[in-house]
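Chemist:
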Amino acid sequence: AQSVTQPDIHITVSEGASLELRCNYSYGATPYLFWYVQSPGQGLQLLLKYFSGDTLVQGIKGFEAEFKRSQSSFNLRKPSVHWSDAAEYFCAVATPERNTPLVFGKGTRLSVIA
Amino acid sequence: DAGITQSPRHKVTETGTPVTLRCHQTENHRYMYWYRQDPGHGLRLIHYSYGVKDTDKGEVSDGYSVSRSKTEDFLLTLESATSSQTSVYFCAISLAGAPTDTQYFGPGTRLTVL
């Protein structure tokens with residue numbers, strides 16, 4: 020079965036600094052990949068997704084992610100973090116051949132300091 | 723806004739009592755999901771549905787049952803609640819007709835079992 024690993028449980032960055040959140044998956048073929056954000060007390064909101072094509076994907080709120088097949092990774096990046104980006108971020112993977120629901124990583128909590 | 727509502731939003735109950743959580747969608751989306759979210763575990767799929775009276779188990783289905791008697795409602799039942807079922811429960815839907823597509827989430831239900 021496919022799985023998703025988010026190696027960092029908690030990351031702290033300074034406001035204005037760049038951000039990279041890591042996501043690795045295990046799956047033999049090309050999966051569908053997603054990043055979601057969850058603000059405190061809220062549901063999950065889709066940031067971006069990759070199905071095929073250009074491996075650099077742009078999302079909402081200034082986020083982007085790059086699919087690297089050779090590294091089985093789909094890392095999320097933002098060039099300049101704002102205090103409002105403090106939240107929990109989840110990577111998810113789906114396997115089109117198996118037609119089964121998304122599998123989520125355990126999440127990375129982002130703290131932003133002044 | 724995918725038009726998903728969950729009720730109740732908060733519930734406190736006692737061990738051994740039955741509990742039913744409701745997920746309602748305003749459009750006729752085929753796929754609906756129930757997840758639980760716990761610290762350190764991310765989101766874990768409990769059950770999902772791919773049509774009226776069509777359901778399947780997820781990763782953590784023990785102790786839970788579901789029903790879908792009409793397209794717009796997906797019910798999650800804890801027949802005899804236990805303290806280990808204290809969690810935040812999220813309902814989700816897929817806008818497209820496949821479980822591998824993007825999921826959109828409801829606001830969540832916080833359940834406490836004493």
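Protein chains in written order, with our numbering: chain A, 20 to 133; chain B, 723 to 836.
Yeah, the Cβ is synthetic: ideal placement off N, Cα and C, and Gly gets one too.
1) Are the C-beta atoms of Gly-72 (chain A) and some chain B residue less than 8 angstroms apart?
2) Does Ala-818 (chain B) get closer than 8 angstroms to chain A when you measure Cβ to Cβ?
3) Among A:Pro-59, A:Ser-37, A:Phe-93, A:Lys-97, which has the Cα closest to the Cα of Cys-110 (chain A)?
4) Using the beta-carbon count (16 or more within 10 Å), is Pro-50 (chain A) buried or exposed?
5) Enumerate in chain order the residues of its own chain whose CB-to-CB distance from Ser-783 (chain B) is below 8 angstroms, with the five nearest sequence positions on each side excluded.
6) If you reduce the DSSP assignment to three classes, tell me which class Gln-807 (chain B) lands in.
7) Taking its Cβ as the centre, do 16 or more other Cβ atoms sit within 10 Å of Thr-727 (chain B), making it buried, or is it exposed?
8) At what residue ranges does the segment 741-787 of chain B contain a whole run of the beta strand (DSSP E), taking only runs of 3 or more?
9) Relative to the C-alpha of Ser-45 (chain A), which candidate in A:Gly-62, A:Val-32, A:Val-23 has its C-alpha closest?
10) Hey, is Lys-68 (chain A)'s beta-carbon within less than 8 angstroms of any beta-carbon in chain B?
11) Applying a beta-carbon distance threshold of less than 9 angstroms, which residues of chain B neighbour Pro-26 (chain A)?
12) Going by CA-CA distance only, name the one from B:Cys-745, B:Gly-725, B:Arg-752, B:Glu-736 that's closest to Thr-831 (chain B).
13) Counting only beta-carbon separations shorter than 8 angstroms, does Thr-119 (chain A) have a partner in chain B?
14) Does Pro-829 (chain B) have its Cβ less than 8 angstroms from a Cβ in chain A?
15) So with Cβ pairs under 8 angstroms, would you call Gln-807 (chain B) a contact of chain A?
16) I believe Gln-25 (chain A) touches Cys-42 (chain A) by the beta-carbon criterion, under 8 angstroms. Please report the beta-carbon distance rounded to the nearest angstrom.
17) Within its chain, find whatever has a CB closer than 7 angstroms to the CB of Thr-793 (chain B); leave out the 5 residues flanking it on each side and keep chain order.
18) Which residues of chain A have a Cβ atom closer than 8 angstroms to the Cβ of Thr-824 (chain B), listed in chain order?
19) Kindly say whether Gly-78 (chain A), judged by its beta-carbon, lies nearer than 8 angstroms to any beta-carbon of chain B.
20) Assuming Ser-809 (chain B) contacts Asp-760 (chain B) (C-beta within less than 8 angstroms), just tell me the rounded distance between them.
21) Can you give me the start and stop residues for the beta strand (DSSP E) that Arg-96 (chain A) sits inside?
22) Measuring only the C-alpha atoms, how far is Ser-99 (chain A) from Asp-27 (chain A)?
23) Quick check: the segment 803-823 of chain B against the segment 734-745 of chain B, are at least 3 beta-carbon pairs closer than 8 angstroms?
Modeler: In brief:
1) Stepping through the first sequence from its first residue, residue 72 (chain A) is reached at position 53. So no, Gly-72 (chain A) is outside the interface.
2) Numbered from its first residue, the second sequence carries residue 818 (chain B) at position 96. No, because no Cβ of chain A sits closer than 8 angstroms to the Cβ of Ala-818 (chain B).
3) Here residue 110 (chain A) is taken as the residue at index 91 of the first sequence, counted from 1. For the residues A:Pro-59, A:Ser-37, A:Phe-93, A:Lys-97, the minimum Cα distance to Cys-110 (chain A) belongs to A:Phe-93.
4) Taking the first sequence and counting its residues from 1, one reaches residue 50 (chain A) at position 31. Buried, by the Cβ-count rule.
5) Position 61 of the second sequence holds residue 783 (chain B). Excluding positions up to five away in sequence, the list reads Ile-768, His-769.
6) Taking the first residue of the second sequence as position 1, residue 807 (chain B) is located at position 85. Gln-807 (chain B) sits in a helix when the DSSP states are folded into three classes.
7) Numbered from 1 along the second sequence, position 5 holds the residue referred to as residue 727 (chain B). Thr-727 (chain B) should be labelled exposed.
8) 741-747, 753-760, 764-773, 776-779
9) Translated into positions along the first sequence, residue 45 (chain A) becomes position 26. The residue with the shortest Cα to Cα distance from Ser-45 (chain A) is A:Val-23.
10) Walking along the first sequence from the start, residue 68 (chain A) turns up at place 49. Taking Cβ atoms only, chain B reaches closer than 8 angstroms to Lys-68 (chain A), which makes this a yes.
11) Sequence index remark: in the first sequence, residue 26 (chain A) carries index 7 (1-based). Chain B residues near Pro-26 (chain A): none, gap ~13 angstroms exceeds 9 angstroms.
12) Numbered from 1 along the second sequence, position 109 holds the residue referred to as residue 831 (chain B). Nearest C-alpha to Thr-831 (chain B): B:Cys-745.
13) Indexing the first sequence from 1 puts residue 119 (chain A) at position 100. Chain B, which has a Cβ nearer than 8 angstroms to the Cβ of Thr-119 (chain A), makes this yes.
14) Position 107 of the second sequence, counting from 1, holds the residue named residue 829 (chain B). Cβ-Cβ to chain A under 8 angstroms: yes for Pro-829 (chain B).
15) To locate residue 807 (chain B), count along the second sequence from 1; it is residue 85. With 8 angstroms as the cut-off, Gln-807 (chain B) does not count as an interface residue toward chain A.
16) Taking the first sequence and counting its residues from 1, one reaches residue 25 (chain A) at position 6. Taking the first sequence and counting its residues from 1, one reaches residue 42 (chain A) at position 23. Yes, they are in contact, since the Cβ atoms of Gln-25 (chain A) and Cys-42 (chain A) sit about 6 angstroms apart, within 8 angstroms.
17) Reading the second sequence from its first residue, position 71 is the one you call residue 793 (chain B). Excluding residues within five positions, the ones whose Cβ falls inside 7 angstroms are Asn-750, Val-774.
18) Along the second sequence, read from residue 1 onward, the residue named residue 824 (chain B) stands at position 102. Within 8 angstroms Cβ-Cβ: Phe-53, Leu-65, Lys-68.
19) Position 59 of the first sequence, counting from 1, holds the residue named residue 78 (chain A). The C-beta of Gly-78 (chain A) comes no closer than 8 angstroms to any C-beta of chain B.
20) Numbered from 1 along the second sequence, position 87 holds the residue referred to as residue 809 (chain B). Numbered from 1 along the second sequence, position 38 holds the residue referred to as residue 760 (chain B). Right, the Cβ-Cβ distance comes to about 5 angstroms (below 8 angstroms), so this counts as a contact.
21) Here residue 96 (chain A) refers to the residue found at position 77 when the first sequence is read from its first residue. First-last of the beta strand (DSSP E) with Arg-96 (chain A): 92-97.
22) In the first sequence, counting from the first residue as 1, residue 99 (chain A) sits at position 80. In the first sequence, counting from the first residue as 1, residue 27 (chain A) sits at position 8. Distance between the alpha carbons of Ser-99 (chain A) and Asp-27 (chain A) is about 19 angstroms.
23) yes
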